[in-house]
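Colleague: Throughout the sequence shown, residue numbering follows the UniProt record's numbering, covering 1 to 735 in sequence. Each residue gets a CB set at the ideal place from its N, CA and C atoms; glycine is no exception. Note that this is a predicted model, so its numbers are computed, not measured.
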Amino acid sequence: MASSDVGVPPPPFRPPASSVLALDFQQLKTKLLGYLKAEDVGRIEAAYHFAANAHAGQFRISGEPYVTHPVAVASLVADWRLDPQALIAALLHDVMEDTHITKAEIAERFGKVAAELVDGLSKLDKIEFRSQEEAQAENFRKMLLAMASDLRVILIKLADRLHNMRTLDHVRAAKRRRIASETLEIYAPIANRLGLNDLYRELQELAFRNKYPLRYAVLAKAIRAARGNRREVVGRIRHSIEERLPQWGISAEVQGREKHLYGIYRKMVEKHLSFSQVLDIYGFRVIVRDVPSCYLALGALHALFKPVPGKFKDYLSIPKANGYQSLHTTLIGPFGMPVEVQVRTREMHHIAESGVASHWLYKEDEKTLTELQQRTHSWLQSLLELQSTSGEATEFLEHVKIDLFPGEVYVFSPKGTIFSMPKGSTPVDFAYAVHTDIGNRCVACRINGDLMPLRSELRNGDQIEIITAAHANPNPAWLSYARTGKARSQIRHFMKNAQQDESIALGERLLNQALRPHGLTLGQVSSFAWDRFLRDRGVRYKKEIFADLGLGKRLPAIVARRLAEVQDLESGRPDVIKPKPAGAITIRGSEGIAVQLARCCRPIPGDPIIGTLRKGQGLEVHTHDCPNVAKLRGDRGRWVDVDWEHGSDERLFDVAIRVLSRNSRGVLARVASAIAEEDCNIQSVSMDSEQGTYTALHFILQVRDRMHLAKVMRAVRRQPEVVRIGRVKGDGRVG
């Protein structure tokens, strides 16, 4: 609803005439006077009038004046006792997006801090995006980065989302479902990550009701029925707890609570249970004086009712990442009904309900709050690190979503440091959690002293030791099992940079070769020719052209012809230039990402080879007789001459061979021994029988070059059982 007349000065202040608006703000004002100075409340009232004038004539879908929404958001923010700048920003959070008001005006009237907060809350309506998903991802990125610099941004945004969810009934069904999905995927997990448990639960409930209205209604009805059936049992359990704790000398407050619908629904879905099988829909919270009382109360509860084995969690010793602390246990109550009990102190309860907002609400326990702030600060810094290594907004949002995953496991470094990792994490995730360089140089790991694969899933209590090597690099295959956003973003970042550097180097070599028929080398192309070429194509740097050439996004022959034409205009050389033979590009086979050896024909040094340019993937090297490049022969722009570099390094190359032998005991062992004696490694082997008399053995070997392969094949051929041996070509034939 952004106005097109941006820059038009705002009309003078006129207090709103509506008595409804005055009443709404009067209730907010009463709340503010309970903890703010009168002059601060006066500034907030000025912001209210400013917002009311800016939104004059605008209405919500429900028909209410629009300004009722920012007032409601400010009221929610006031419950957390945020400062005046945050309350001003809450009242003005939509004026930049939906009216003619600019950031400069807000800064002039209400200060730079409030203007920055409003800017962080405003969407990016002025930028053109390729899709709705990209626009949404970019808006989230802006909001999350603003949050990283000032936490008040996300607190106001969460209050904004909560009020929108509470008033979603007037929105059309399709939009309700989209907003509900967005809330479940992004906003509720952020609230959980910041420890705002009450807000987290309410957002989940509202999102569940709007995304799956029929499921919500059916489940709510079932719970109402169950509540009536179990009321007497729950009352007996509560009375027993309240009676037992004083006998152990424990002064405690016992609160009964019913699990929220979305939690029950998610448990039913994840564990494939019917509602009748979900028994623990009731729980109790025991709030005690201090930490020793927590453990004493736990002993009293376990003496009263039998605990369920494996259902005890100690979040006092190892708090959750969002600062949450509590003891959790599940007890078997009367009639076999399981009951979950949480035991915590009063300060822990404040933090559990209000999370980071407890910084403004409660300030008695400075030590606990400092630790909580440090945890939150570390997470916000990780967002900035993800942003720096993520290319597009959609990729950044994917990484953030991964890190908002609620499940956690706790593992230890060899020195005993505790790391909290998302459920499903692997040693690769742990390596990057320790340090980016450890992750990039990781080659192996030990879990509890045993060498284990890097894809192993970590479990609670595991001790992880990462083994590194100086020249190791991240493996693209890690992306298939890396779990954390940091690990995934760092792997992708490394791969992109490595591909970029290699693509630039390859692009220079390709262009240099393509320029030779025009009588030029890359060094002879003048700066005039380059400047004009880049300007005509809207490109700033030569490196961008080289990278595109290396990745196959541009054809070297076309770029060379255009450069030569511009060069001719400047130099005045004769129009007809005698072509010079274009030499082949030499490769070592170990260039990396930009140069790849085709898996269809598996070329090795000594084979006649040809290179094909694949868009976005660089140069792919095939053997001359590979059937997959036969169709490209007529398209000169799509292939280039390549040759093996002499004196290449000691890299080993994969090659496929097929051995036909007579069936006899131990033939595979003798053939494998002959291969090994020629200093050749066997990557894989498979076999199939032919007519019962003969067996076909299929090997993937690692050899240095064609000469090495010939020696291996001669050694195998000398075995008496071997009938025929040959190399497998690109089309599967043996030659």
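Assuming contact is defined by CB atoms lying nearer than 8 Å, are residue 713 and residue 725 in contact in what I supplied?
Modeller: To locate residue 713, count along the sequence shown from 1; it is residue 713. To locate residue 725, count along the sequence shown from 1; it is residue 725. Contact: yes.
Colleague: Among the candidates 430, 416, 415 and 409, whose CA atom is the shortest distance from the CA of residue 423?
Modeller: In the sequence shown, counting from the first residue as 1, residue 423 sits at position 423. That would be 409, whose Cα lies nearest to the Cα of residue 423.
Colleague: Can you tell me the Cα-Cα spacing of residue 119 and residue 106, whole angstroms?
Modeller: The residue you call residue 119 lines up with position 119 of the sequence shown. The residue you call residue 106 lines up with position 106 of the sequence shown. Each residue's Cα considered, the two are about 10 Å apart.
Colleague: Can you give me the C-alpha to C-alpha distance between residue 326 and residue 344, rounded to a whole angstrom?
Modeller: The sequence position of residue 326 within the sequence shown is 326, counting from 1. The sequence position of residue 344 within the sequence shown is 344, counting from 1. Per the coordinates, the alpha-carbon of residue 326 lies some 5 Å from the alpha-carbon of residue 344.
Colleague: Run through DSSP, which three-state label would residue 695 get?
Modeller: By one-based count along the sequence shown, residue 695 stands at place 695. Looking at residue 695 - three-state DSSP - the assignment turns out to be strand.
Colleague: Between residue 563 and residue 529, is the Cβ-Cβ spacing less than 8 Å?
Modeller: Working through the sequence shown from its first residue, we reach residue 563 at position 563. Working through the sequence shown from its first residue, we reach residue 529 at position 529. Yes.
Colleague: Identify the residues that DSSP records as bridge partners of residue 337: which are they?
Modeller: In the sequence shown, counting from the first residue as 1, residue 337 sits at position 337. The partner list for residue 337 (beta bridge, DSSP) is empty, contrary to what the question assumes.
Colleague: Whether or not the region 296-304 and the region 254-263 are in contact is what I'm after, with contact meaning three or more pairs of Cβ atoms, one per stretch, closer than 8 Å; do they touch?
Modeller: no
Colleague: When you compare the CB positions of residue 284 and residue 341, do they come within less than 8 Å of one another, or not?
Modeller: Here residue 284 refers to the residue found at position 284 of the sequence shown. Here residue 341 refers to the residue found at position 341 of the sequence shown. Yes, Cβ-Cβ distance for residue 284 and residue 341 is below 8 Å.
Colleague: What does the Cβ neighbour count give for residue 565, buried or exposed, with the cut at 16 atoms within 10 Å?
Modeller: Within the sequence shown, numbered from 1, the residue matching residue 565 stands at position 565. Residue 565 should be labelled exposed.
Colleague: Between the alpha carbons of residue 506 and residue 471, how many angstroms are there, rounded?
Modeller: Within the sequence shown, numbered from 1, the residue matching residue 506 stands at position 506. Within the sequence shown, numbered from 1, the residue matching residue 471 stands at position 471. If you draw a straight line from the Cα of residue 506 to the Cα of residue 471, it is about 22 Å long.
Colleague: Flag this pair as yes or no: are the beta carbons of residue 603 and residue 621 separated by less than 8 Å?
Modeller: Locating residue 603 in the sequence shown gives position 603, where the first residue counts as 1. Locating residue 621 in the sequence shown gives position 621, where the first residue counts as 1. With contacts defined as CB atoms closer than 8 Å, residue 603 and residue 621 qualify as a contacting pair.
Colleague: Return the CA-CA distance between residue 277 and residue 729, expressed in angstroms with no decimal places.
Modeller: On the sequence shown, position 277 is the one that residue 277 refers to. On the sequence shown, position 729 is the one that residue 729 refers to. Approximately 59 Å, taken between the alpha carbons.
Colleague: Helix, strand or coil for residue 305, going by three-state DSSP, please let me know.
Modeller: Counting from one through the sequence shown, the residue named residue 305 turns up at place 305. Under the three-state reduction of DSSP, residue 305 is assigned to coil, being neither helix nor strand.
Colleague: Can you name the residues that DSSP bridges to residue 119?
Modeller: Locating residue 119 in the sequence shown gives position 119, counting from the first residue. DSSP lists no partner for residue 119.
Colleague: List the whole-angstrom C-beta distance separating residue 431 from residue 438, where the pair is believed to meet the contact cut-off of C-beta under 8 Å.
Modeller: In the sequence shown, counting from the first residue as 1, residue 431 sits at position 431. In the sequence shown, counting from the first residue as 1, residue 438 sits at position 438. The Cβ separation is near 5 Å, so the contact holds.
Colleague: Compare the C-alpha of residue 249 against each of 282, 212 and 290 and name the closest.
Modeller: Within the sequence shown, the letter at position 249 stands for residue 249. Minimum Cα distance to residue 249 is reached at 290.
Colleague: Rounded to a whole number of angstroms, what is the C-alpha to C-alpha distance between residue 85 and residue 43?
Modeller: As a position in the sequence shown, residue 85 is number 85, starting the count at 1. As a position in the sequence shown, residue 43 is number 43, starting the count at 1. For residue 85 and residue 43, the distance between alpha carbons rounds to 9 Å.
Colleague: Hey, how far is the Cα of residue 682 from the Cα of residue 657?
Modeller: Translated into the one-based positions of the sequence shown, residue 682 becomes position 682. Translated into the one-based positions of the sequence shown, residue 657 becomes position 657. When rounded, the distance between both Cα atoms is 11 Å.
Colleague: Out of 519, 520 and 440, point me to the one whose CA is closest to residue 491's CA.
Modeller: Working through the sequence shown from its first residue, we reach residue 491 at position 491. Measuring from the Cα of residue 491, the nearest candidate turns out to be 440.
Colleague: Could you check the C-alpha separation between residue 718 and residue 686 for me, to the nearest Å?
Modeller: Walking along the sequence shown from the start, residue 718 turns up at place 718. Walking along the sequence shown from the start, residue 686 turns up at place 686. The straight-line gap from Cα to Cα measures roughly 21 Å.
Colleague: Identify, in the order they occur along the chain, each residue of the same chain with its Cβ nearer than 7 Å to the Cβ of residue 293, setting aside the five sequence neighbours on each side.
Modeller: Stepping through the sequence shown from its first residue, residue 293 is reached at position 293. Cβ neighbours of residue 293 beyond the five flanking positions: 250.
Colleague: Identify every run of the alpha helix (DSSP H) within the region 185-231, keeping only runs that are complete inside it and at least 4 residues long; order them along the chain.
Modeller: 188-193 and 197-211
Colleague: Where in the UniProt domain "ACT" (656-730) do unbroken runs of the alpha helix (DSSP H), each at least 4 residues long, occur, reported from the N-terminal end onward?
Modeller: 667-677 and 706-717
Colleague: Quick test of your reading: residue 170 and residue 76, contact by CB under 8 Å. State the CB separation rounded to the nearest angstrom.
Modeller: Translated into the one-based positions of the sequence shown, residue 170 becomes position 170. Translated into the one-based positions of the sequence shown, residue 76 becomes position 76. The pair is not a contact, with the Cβ atoms about 19 Å apart (cut-off 8 Å).
Colleague: With DSSP collapsed to three states, give me the class of residue 2.
Modeller: The count along the sequence shown starts at 1 and reaches residue 2 at position 2. Note that residue 2 scores a pLDDT of 38, beneath 50, so its modelled location is shaky; the value from the coordinates is reported in the next line. Coil at residue 2, not helix or strand.
Colleague: Which class does residue 255 belong to by DSSP, given the choice of helix, strand or coil?
Modeller: Position 255 of the sequence shown, counted from the first residue, corresponds to residue 255. In the structure shown, residue 255 sits in a strand (DSSP, three-state: E or B).
Colleague: Looking at the unbroken beta strand (DSSP E) that takes in residue 330, where does it start and where does it end?
Modeller: Against the sequence shown, residue 330 aligns to sequence position 330. Per DSSP, residue 330 belongs to the beta strand (DSSP E) from 327-332.
Colleague: DSSP three-state label for residue 573, please.
Modeller: Within the sequence shown, residue 573 is the residue found at index 573, counting from 1. Unreliable positioning characterises residue 573 in this predicted model, as indicated by a pLDDT of 46, which lies under 50. The coordinate reading is nonetheless provided below. DSSP places residue 573 in coil when its eight states are reduced to three.
Colleague: For residue 287, tell me which candidate among 596, 216 and 347 has the shortest Cα-Cα distance.
Modeller: Translated into the one-based positions of the sequence shown, residue 287 becomes position 287. If we check each option's Cα against that of residue 287, 347 comes out closest.
Colleague: For residue 67, count neighbouring C-beta atoms within 10 Å of its own C-beta (all shown protein chains included) and say buried if the count is 16 or more, exposed if not.
Modeller: Along the sequence shown, read from residue 1 onward, the residue named residue 67 stands at position 67. Buried is the call here.
Colleague: Taking contact to mean at least 3 C-beta pairs separated by less than 8 Å, is the region 169-184 in contact with the region 197-213?
Modeller: yes
Colleague: Assign residue 35 to buried or exposed, taking buried as 16 or more other Cβ atoms, counted over all protein chains shown, within 10 Å of its Cβ.
Modeller: The count along the sequence shown starts at 1 and reaches residue 35 at position 35. Label assigned to residue 35: exposed.
Colleague: Quick one: what's residue 620 bridged to in DSSP?
Modeller: Walking along the sequence shown from the start, residue 620 turns up at place 620. Note: residue 620 sits in a beta bridge opposite 596 and 612.
Colleague: Should residue 609 be labelled buried (16 or more other beta-carbon atoms within 10 Å of its own) or exposed?
Modeller: As a working note, residue 609 is residue 609 in the sequence shown. Counting C-beta atoms within 10 angstroms of its own C-beta, residue 609 has 16 or more neighbours from the protein chains shown and is therefore classed as buried.
Colleague: Drop a sphere of 10 angstroms on the beta-carbon of residue 503, count the other beta-carbons inside from all chains shown, and report buried for 16 or more, exposed for fewer.
Modeller: Within the sequence shown, residue 503 is the residue found at index 503, counting from 1. By the 10 Å Cβ count, residue 503 comes out buried.
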